[in-house]
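Here's the structure, in structure tokens; my notes come after.
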Amino acid sequence: YVPFDGIEINDPSVLTLTCIAEGFYPSNITLSWALSVQEVPHSREQTPVTLLQDGTYNISSTLQVNDSLWSPEVEIGCEANHSSMTQPLMKKIRKRGK
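Going by the UniProt record's numbering, 60 is the number at position 60 of the sequence shown; the sequence numbering is gapless.
Put into structure tokens, the structure is as follows:
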């Protein structure tokens, strides 16, 4: 399960995207970000894997993108790769046009 938690706007010039993977087992997982245009400046941060009470795990990763440099034609994706899946799972998002 790899949803985008949404876009958080604390500083209107920087958008923060959060990708969450939860309810997976075993704990080894890779979350990565893909940008359709690599020239978009960004920074990323990932939390450590957390053990939940039900014995499964969760993890989150955030990506910060400068609002003025993320145009509607640029697609950003979060990919989860886990041993329980036959192929990685990718969720993508585009900025809405103005």
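Idealized CB from N, CA, C, for every residue including glycine.
- The bridge partners DSSP lists for residue 31 are 80.
- Boundaries of the beta strand (DSSP E) around residue 63: 57-66.
- Judged by DSSP secondary structure, residue 14 falls within the beta strand (DSSP E) whose first and last residues are 14-24.
- Residue pairing from DSSP leaves residue 73 without any beta-bridge partner.
- If the five residues before and after residue 30 are omitted, its C-beta is found closer than 6 Å to the C-beta atoms of 81, all from its own chain and listed in chain order.
- Membership of residue 44 in the beta strand (DSSP E) is indicated by the continuous run 42-46.
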